[in-house]
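With the UniProt record's numbering applied, the sequence shown has no gaps in its numbers, which climb one by one up to 92 at the end. Beta carbons are placed, not taken as given, at the ideal position from N, Cα and C, and that holds for glycine. Comments concern the structure below.
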Amino acid sequence: MTLSLQTPVDCPVCHKVISRKADLPRHMRTHDEHKEALMHACPFPDCHYKTLQKSNVQTHIRTHTRERSKTCPHPGCAFATTDPASLTRHRK
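And the structure:
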């Protein structure tokens, strides 16, 4: 039997359920004993934000610049955000 990319899988370390098998390698980085070396940090002064995922830093930086490049495509809706996930939640 072959698992699809949408099959949930348990983390073998913390037993958290990962919703997609394809996301397990990314989750496993949270358990890496050298994860500090893998962290991406916000370059803004006095900001201590760090994450294992580079795209999260890019999204975070927009909170400093106030860039709201993600806008709702529905006519008449003025919703705009810095975060693609926020736009996805808004559209639901």
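Delimiting residues of the alpha helix (DSSP H) encompassing residue i
i: residue 58; result: 54-65
i: residue 27; result: 24-28
i: residue 84; result: 84-91
Residues bridged to residue i (per DSSP)
i: residue 10; result: 17
i: residue 34; result: Per DSSP, none; premise fails for residue 34.
i: residue 40; result: 51
i: residue 80; result: 71
Rounded distance between the beta-carbons of residue j and residue i, thought under 8 Å
i: residue 87; j: residue 72; result: 7 Å
i: residue 9; j: residue 24; result: 6 Å
i: residue 81; j: residue 66; result: That pair is no contact at about 11 Å.
i: residue 83; j: residue 70; result: 7 Å
Distance CB(residue i)-CB(residue j) smaller than 8 Å
i: residue 50; j: residue 40; result: yes
i: residue 21; j: residue 30; result: no
i: residue 42; j: residue 27; result: no
i: residue 32; j: residue 38; result: yes
Contact test: residue i Cβ vs the ligand PLP heavy atom, cutoff 7 Å
i: residue 14; result: With respect to the ligand PLP, the structure offers nothing, as it holds no ligand at all.
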